[in-house]
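Heads up: the protein sequence lines correspond to chains U and P, in order.
The opening residue of the first sequence carries number 1 in this note's numbering; numbering runs sequentially from there.
The opening residue of the second sequence carries number 1001 in this note's numbering; numbering runs sequentially from there.
Scroll down for the structure; my scribbles are underneath it.
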Amino acid sequence: MSPDSHIAVCFERVSKLFGSKEVLHDVSFQVAAGEALCILGRSGTGKSVTLKLIIALLRPDAGKIWIDKDEISTLETEGLSRVRRKMGFLFQDAALFDSLTLYENLALPLHRLTSKSQEEIDSDVDKVLRQVGLAADKKTMPSELSGGMRKRAGLARALVLEPKILLADEPSSGLDRITASEIDELLLQQKTERQTAVIVVTHDVHGARRVGDRFAVLDKGHLVAHGTASEVESSDNETARQLISLIC
Amino acid sequence: MTDVIEFIGKVSLFGFRVITDLFRRPFEMEQLWLQLVEIGSQSVPLIATSGFALGAVMTLHTRSTLVTFGATAEIPTVQSLAFFVEIGPLVAGLLLAGRVGSGIGAVLANMRVTEQIDAIESLSVDSFKFLVVPRVLACVIALPLLTLFMDFSGLLAGFVAEYAASHISFHLYITRAFASVDWPNFIPPTFKTAVFGFLIGTASAYFGYTTNKGALGVGKAATNSVVLSSLLIILSDVVLVKCIAFAFPGTAL
């Protein structure tokens, strides 16, 4: 059964194995448009795998994943391509194409996936780069950018197609508090101003506190708690209570 | 043994996918052009210099032998046939396996470990068509052209070395060089390097595209690309030479 119309992402009893190792077990959750879900947990508990399942870089071994009205676990290339256009992904290390300038990194998806004219593409790229404070660096190669700038550039690329769903894998890792806070602010803007569904994998308690409406706690591939901060706080799982206590 | 068979199967399927994707839209012409510049034109200095050095050395060796038999007039013929039929194609293939094979392997492996390939996929772009197919196709197109550079550099060096020894005129050298060369001595061996190009591109892209071992994987991908490409070139040369001899029996040396 497909989820309600306001639900942007829905996991229904999803499991994922790598070889014989089960990295996600029977995980279910939903994220609505205009809502931010922070996925918390220790390293190696399946948080990044969850994001890659959402954008179909990985396929589940069991269960269903809904993106809007599309069940993506069985979609073929063309259908997946259509669904992925609704999503933007900020990778942990930004994953900018290092043979392209910053401008070219952002223009590539616009050239490939839209029928916009060159002027429109230039204007869109400039707009997003201004948003993330990198307007002066558009001719710069990724290798010449600092860690914080790369992260902001990665976010700019994720935003350039104006996605309905924004996925961010540890957006503040390796950044100073001020830069991390700027990234959090941009994620918040997307959520509130554009009603984007935001799913953030993070270890950063400050960021999670600012951005998250709800929290999902993963432990050894199991979703051990899920809900608002107070709901997770009253969970009977020790790990979930520990993690949420750092946030609240 | 099972691992070897599995590996051969995986590389073969990878190569088969390259061929099928080659005829599927979108055609990545911009990427193909970039790769032709990277793989083709930037390899010209290496190929031309190596061909020149090899040509000079070969003439020096050949002369010392043929002088004994009073057959120095045959030096241009030996030089041209050796270069057109075997030395040019094989050495160009091996040099490109070193320069380009390691490059393709390392670049794709680096893109894999830094999640750039995932990023391409997340943007609804088919990373295989975008990254692998243009590289393999560029190798297929570039190698026959680079082989021509190798052949004619070798021939030019042969003339320079022979001129230094006997003051032969350029016109006479070229006349003798091409006297025994028929089209079948020249065309099939040159075009067999398109197969070498396919093998270099496919083997290198396979190691780079499928790596999953972090920074260590990048190094391994580069090394394995060169080793497998070189091995495949030498092995396939045996088969191709036999095929050419079968197709053009009168021209077999």
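Using N, Cα and C, we set each Cβ at its ideal position, and we do this for glycine too.
On a predicted model such as this, the values are computed, not experimentally measured, just so you know.
With a threshold of 8 Å between beta carbons, P:D1118 makes contact with chain U. When 7 Å is used as the limit between beta carbons, P:T1114 is near these residues of chain U: D93 and A95, in chain order. Identification of chain U residues near P:V1125 by a Cβ-Cβ cut-off of 7 Å yields R112, ordered along the chain. P:M1058 and P:G1009 have their C-alpha atoms spaced approximately 40 Å apart.
Assigned with DSSP and collapsed to three states, U:I39 falls in strand. Taking 8 Å as the cut-off, the Cβ atoms of P:A1203 and P:V1011 count as close. Using a Cβ distance threshold of 8 Å, U:D124 and U:L110 count as a contacting pair.
The closest CA to that of U:R194, considering only U:T140, U:D219, U:A158 and U:E162, is found on U:E162. For P:A1119, no beta strand (DSSP E) encloses it; the enclosing alpha helix (DSSP H) starts and ends at Q1116 to S1122. At a cut-off of 8 Å, the C-beta of U:L155 has no neighbouring C-beta in chain P.
Within chain U, not a single residue places a beta-carbon under 9 Å from that of P:S1043; the smallest gap is close to 18 Å. Closer than 8 Å to the CB of P:S1204 there is not a single CB belonging to chain U. At a C-beta separation below 8 Å, P:E1028 has no neighbours in chain U, since its nearest C-beta there lies roughly 10 Å away.
Scanning the stretch 1042 to 1122 of chain P from its first residue to its last, the whole alpha helix (DSSP H) runs of 4-plus residues come out as 1044 to 1066, 1075 to 1082, 1088 to 1096, 1102 to 1113 and 1116 to 1122. A residue is called buried once 16 or more other Cβ atoms fall within 10 Å of its Cβ, and U:S146, having fewer, is exposed. Interface criterion met: the Cβ of U:R84 is under 8 Å from a Cβ in chain P. Within the model, the alpha-carbon separation for U:M149 versus U:A180 is close to 11 Å. Per the Cβ contact rule, the stretch 184 to 191 of chain U is in contact with the stretch 19 to 37 of chain U (3 or more Cβ pairs under 8 Å).
For P:R1025, there is no enclosing alpha helix (DSSP H), as DSSP gives it neither H nor E. P:M1111 is the residue among P:M1111, P:I1168 and P:T1210 whose C-alpha sits nearest the C-alpha of U:S99.
With a threshold of 8 Å between beta carbons, U:S43 makes no contact with chain P.
At least 8 Å separates the beta-carbon of U:V128 from that of U:E170. Non-local beta-carbon contacts of U:L75 in its own chain, meaning distances under 8 Å to residues more than five positions away in sequence, involve A56 and V83 in chain order. Secondary structure of U:S15 (DSSP, three-state): strand.
At a cut-off of 8 Å between beta-carbon atoms, P:S1080 makes no contact with chain U. Residues of chain P whose Cβ lies closer than 9 Å to the Cβ of U:L108 are, in chain order, I1120, L1123 and V1125.
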